[in-house]
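Residue 43 is where the sequence shown starts when you use the working numbering, and the numbers rise one by one after that.
Note that CB positions come from ideal geometry on N, CA and C, so glycine has one too.
Everything on this sheet refers to the single structure shown next.
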Amino acid sequence: MRYDVYGIGNALVDKEFEVSDAFLAEQGIEKGFMTLIDEDRHHQLLAELQSRFGLKQRTGGGSAANTIVAASQFGASTFYACKVADDEFGEFYRQDLEQAGVDNCLERINVVGNTGKCMVMITPDAERTMNTYLGITTDFSMAELDLEALKQARYLYWEGYLVTSDTSRAAVLAARRLAAEQGIKTAMTFSDPSMVTYFRDGVAELLGDGVDILFCNTEEAQTFTGTDNLDAAIAALKPCAGRLVITLGSKGAMVVNGQGRISIDPHPVRAIDTNGAGDMFAGAFLYAISQGMDDASAGRLASLAASRIVSVYGTRLSRAVHAELLSAIQG
Numbered sequence: 043m044r045y046d047v048y049g050i051g052n053a054l055v056d057k058e059f060e061v062s063d064a065f066l067a068e069q070g071i072e073k074g075f076m077t078l079i080d081e082d083r084h085h086q087l088l089a090e091l092q093s094r095f096g097l098k099q100r101t102g103g104g105s106a107a108n109t110i111v112a113a114s115q116f117g118a119s120t121f122y123a124c125k126v127a128d129d130e131f132g133e134f135y136r137q138d139l140e141q142a143g144v145d146n147c148l149e150r151i152n153v154v155g156n157t158g159k160c161m162v163m164i165t166p167d168a169e170r171t172m173n174t175y176l177g178i179t180t181d182f183s184m185a186e187l188d189l190e191a192l193k194q195a196r197y198l199y200w201e202g203y204l205v206t207s208d209t210s211r212a213a214v215l216a217a218r219r220l221a222a223e224q225g226i227k228t229a230m231t232f233s234d235p236s237m238v239t240y241f242r243d244g245v246a247e248l249l250g251d252g253v254d255i256l257f258c259n260t261e262e263a264q265t266f267t268g269t270d271n272l273d274a275a276i277a278a279l280k281p282c283a284g285r286l287v288i289t290l291g292s293k294g295a296m297v298v299n300g301q302g303r304i305s306i307d308p309h310p311v312r313a314i315d316t317n318g319a320g321d322m323f324a325g326a327f328l329y330a331i332s333q334g335m336d337d338a339s340a341g342r343l344a345s346l347a348a349s350r351i352v353s354v355y356g357t358r359l360s361r362a363v364h365a366e367l368l369s370a371i372q373g
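Below, the structure is given as structure tokens:
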């Protein structure tokens, strides 16, 4: 296999700001959720954020992209299918993927439009709130899938955020069909509580008859299954996944497989930015599983990596830090 993980997701340039809870309330922004906004609102909100708080940093983002980059930085061979426009942000995004060692086909894309952007607002309690202008990524379709690359992958991974676009959903379903034909394992993340709240039927369509690995947190699991406790949610989701991986925030995580439940201990840290924690967890876990580690070891690496990412601003760690984390688990 040429690729350990082939990812599909939105291509978004993240712009991160440290804000106050009062600002979110003033702007009518729902805290802790990802909210889609139009271009006019994007420009208005961005101007407010830049003038009042100043840009903390800019990185290539998107949930699945963060996961694929993390897997790559640990040492996995990866490919990412996405869509950007022929603008400065699109070129920035392409270079960002390549610097992280992620193969892509963006050099072939020459489309007029606006590359997607996500304004990530971090409050003093380290909670991340996102307002996203999808731009051209809303038109992500089968045309952006490199099916020959997918045929050479061990895992196909996609993000729940793709549910908001008809063409994106169709692309995921097409990739799923090819994966089934080729014997490629599948993995999915619910991505955000807003996806299972407002787009539940679409999320269920992407989940289909189940996946090999399903990533979610407690709120997403309970919301999707319409239950009020985690045990009930697990019982409902277990038939949908060979491995059900549930992150539990400060309590660590849990892997539910055919043999039972594996508790993953947390690594207490002072969190300053929770943006990308779930993405990092998934990236580390996918790397470990693709390299033959068992679920317990994969969970330990993922938990350690997630604890490190919430202790810094942004969604990326250096390759050296990834090597340090891997050594800590293997040692």
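- request: State the DSSP-derived secondary structure class of Gly-132, mapped to helix, strand or coil.
  value: Within the sequence shown, residue 132 is the residue found at index 90, counting from 1. Three-state DSSP puts Gly-132 in a helix.
message: Nearest by alpha-carbon distance to Gly-294: which of Cys-258, Leu-198, Arg-170, Gly-300 is it?
response: Here residue 294 refers to the residue found at position 252 of the sequence shown. Of the listed residues, the one whose Cα sits closest to Gly-294 is Cys-258.
task: Mark Pro-166 as exposed unless 16 or more other C-beta atoms lie within 10 angstroms of its C-beta, in which case mark it buried.
output: The residue given as residue 166 occupies position 124 in the sequence shown. Exposed is the call here.
Proximity of Gly-356 and Asp-321 at Cβ, strictly below 8 Å: Here residue 356 is taken as the residue at index 314 of the sequence shown, counted from 1. Here residue 321 is taken as the residue at index 279 of the sequence shown, counted from 1. Against a cut-off of 8 Å, the Cβ pair of Asp-321 and Gly-356 comes out as no contact.
- request: Determine the extent of the beta strand (DSSP E) in which Tyr-175 is found, giving its start and end residues.
  value: Translated into positions along the sequence shown, residue 175 becomes position 133. 170-175 is the span of the beta strand (DSSP E), which, as asked, contains Tyr-175.
- prompt: Which whole runs of the beta strand (DSSP E) in the segment 61-93 are 3 residues long or more, in chain order?
  reply: 76-78
- request: Locate the alpha helix (DSSP H) running through Asn-259, then write down its first and last residues.
  value: Here residue 259 refers to the residue found at position 217 when the sequence shown is read from its first residue. Note, Asn-259: premise wrong, no alpha helix (DSSP H); beta strand (DSSP E) at 253-259.
query: DSSP three-state call for Ala-283: helix, strand or coil?
result: Counting from one through the sequence shown, the residue named residue 283 turns up at place 241. Strand.
message: With H, G and I counted as helix, E and B as strand and the rest as coil, what does DSSP make of Asn-299?
response: Numbered from 1 along the sequence shown, position 257 holds the residue referred to as residue 299. Of the three classes helix, strand and coil, the one that applies to Asn-299 here is strand, per DSSP.
task: Report buried or exposed for Asp-243, applying the criterion of at least 16 other Cβ atoms within 10 angstroms of its Cβ.
output: As a position in the sequence shown, residue 243 is number 201, starting the count at 1. Burial call: exposed.
task: Would you please state the rounded distance, in angstroms, between the beta carbons of Leu-248 and Val-214? I believe it to be under 8 Å.
output: One-based indexing of the sequence shown puts residue 248 at position 206. One-based indexing of the sequence shown puts residue 214 at position 172. The Cβ separation is near 6 Å, so the contact holds.
- prompt: Between Gln-264, Met-237, Ala-89, Arg-196, which lies nearest to Ala-275 when the distance is taken from Cα to Cα?
  reply: Against the sequence shown, residue 275 aligns to sequence position 233. Checked all of Gln-264, Met-237, Ala-89, Arg-196; the closest Cα to Ala-275 is Gln-264.
Short Cβ contact (8 Å threshold) for Ala-53 with Lys-125: Residue 53 sits at position 11 when you count from the first residue of the sequence shown. Residue 125 sits at position 83 when you count from the first residue of the sequence shown. Yes, the Cβ-Cβ distance between Ala-53 and Lys-125 is below 8 Å.
- request: Go ahead and label Asp-128 buried or exposed: buried means 16 or more other beta carbons lie within 10 angstroms of its beta carbon, across all protein chains shown.
  value: Numbered from 1 along the sequence shown, position 86 holds the residue referred to as residue 128. So Asp-128 ends up on the exposed side.
- prompt: Bridge partners of Arg-211, per DSSP?
  reply: Position 169 of the sequence shown holds residue 211. Beta-bridge pairing links Arg-211 to no other residue.
Per DSSP, cross-strand counterpart(s) of Phe-121: Taking the sequence shown and counting its residues from 1, one reaches residue 121 at position 79. BP columns for Phe-121 point to Tyr-48, Asp-145.
- prompt: Which value, in whole angstroms, describes the spacing of the CA atoms of Gln-86 and Asp-56?
  reply: Taking the sequence shown and counting its residues from 1, the one referred to as residue 86 is at position 44. Taking the sequence shown and counting its residues from 1, the one referred to as residue 56 is at position 14. Approximately 16 Å, taken between the alpha carbons.
One or two residues paired with Phe-59 in a DSSP bridge: Taking the first residue of the sequence shown as 1, we reach residue 59 at position 17. DSSP lists Met-163 as partners of Phe-59.
field: Inter-residue Cα distance where the pair is Lys-98 and Met-163
entry: Taking the sequence shown and counting its residues from 1, one reaches residue 98 at position 56. Taking the sequence shown and counting its residues from 1, one reaches residue 163 at position 121. Whole-angstrom Cα-Cα distance: 10 Å.
query: Under three-state DSSP, which class holds Ile-226?
result: By one-based count along the sequence shown, residue 226 stands at place 184. Here Ile-226 sits in coil by DSSP.
- prompt: Would you call Asp-46 buried or exposed, if buried means 16 or more other Cβ atoms sit within 10 Å of its Cβ?
  reply: On the sequence shown, position 4 is the one that residue 46 refers to. Under this definition Asp-46 is a buried residue.
task: Enumerate in chain order the residues of its own chain whose CB-to-CB distance from Pro-235 is below 7 Å, with the five nearest sequence positions on each side excluded.
output: Locating residue 235 in the sequence shown gives position 193, counting from the first residue. Contacts found: Phe-75, Glu-261, Glu-262, Thr-265.
- prompt: What residues are listed by DSSP as bridge partners for Leu-248?
  reply: As a first step, residue 248 is located in the sequence shown; it is residue number 206 there, counting from the start. Answer is none; Leu-248 lacks a bridge partner.
field: Simplified DSSP state of Ser-305, which is helix, strand or coil
entry: The residue you call residue 305 lines up with position 263 of the sequence shown. Three-state result, Ser-305: strand.
task: Go ahead and label Gln-92 buried or exposed: buried means 16 or more other beta carbons lie within 10 angstroms of its beta carbon, across all protein chains shown.
output: Your numbering for residue 92 matches position 50 in the sequence shown. So Gln-92 counts as exposed.
Proximity below 8 Å, CB of Thr-109 to CB of Leu-290: Sequence index remark: in the sequence shown, residue 109 carries index 67 (1-based). Sequence index remark: in the sequence shown, residue 290 carries index 248 (1-based). Their beta carbons are not under 8 Å apart, which means Thr-109 does not touch Leu-290 by this criterion.
- request: Give the DSSP bridge partners of Thr-101, in chain order.
  value: As a first step, residue 101 is located in the sequence shown; it is residue number 59 there, counting from the start. Paired residue(s): Asp-56.
message: Rounded to whole angstroms, what is the Cα-Cα separation between Ser-332 and Ala-113?
response: Within the sequence shown, the letter at position 290 stands for residue 332. Within the sequence shown, the letter at position 71 stands for residue 113. Each residue's alpha carbon lies about 10 Å from the other.
- prompt: Looking at Met-230 and Gly-202, is the spacing between their C-beta atoms short of 8 Å?
  reply: Translated into positions along the sequence shown, residue 202 becomes position 160. Translated into positions along the sequence shown, residue 230 becomes position 188. Yes, the pair counts as a contact, with Cβ atoms nearer than the cut-off.
task: Assign Ala-246 to one of two classes, buried (16 or more other C-beta atoms within 10 Å of its C-beta) or exposed (fewer than that).
output: Residue numbering aside, residue 246 sits at position 204 when the sequence shown is read from its first letter. By the neighbour-count rule (16 or more Cβ atoms within 10 Å), Ala-246 is not buried but exposed.
message: Please confirm whether Lys-57 has its beta-carbon closer than 8 Å to some beta-carbon of chain D.
response: Looking at the structure shown, chain D is missing, and only one protein chain is on hand.
query: Looking at Phe-241 and Val-205, is the spacing between their C-beta atoms short of 8 Å?
result: Numbered from its first residue, the sequence shown carries residue 205 at position 163. Numbered from its first residue, the sequence shown carries residue 241 at position 199. It is a contact, given that the beta carbons lie within the stated cut-off.
field: Distance between beta carbons of Arg-312 and Ser-345, contact taken as under 8 Å
entry: Reading the sequence shown from its first residue, position 303 is the one you call residue 345. Reading the sequence shown from its first residue, position 270 is the one you call residue 312. The Cβ separation is near 16 Å, so there is no contact.
- prompt: So Val-194 packs on Met-43, CB below 8 Å; how close in whole Å?
  reply: Position 152 of the sequence shown, counted from the start, is the residue given in the question as residue 194. Position 1 of the sequence shown, counted from the start, is the residue given in the question as residue 43. Checking the displayed sequence, the identity of residue 194 turns out to be Gln instead of Val. Indeed they touch by this definition, with Cβ atoms about 6 Å apart.
message: Between the alpha carbons of Ala-277 and Asp-337, how many angstroms are there, rounded?
response: For the purposes of this step, residue 277 is taken as the residue at position 235 of the sequence shown. For the purposes of this step, residue 337 is taken as the residue at position 295 of the sequence shown. Spanning the two alpha carbons is a distance of roughly 19 Å.
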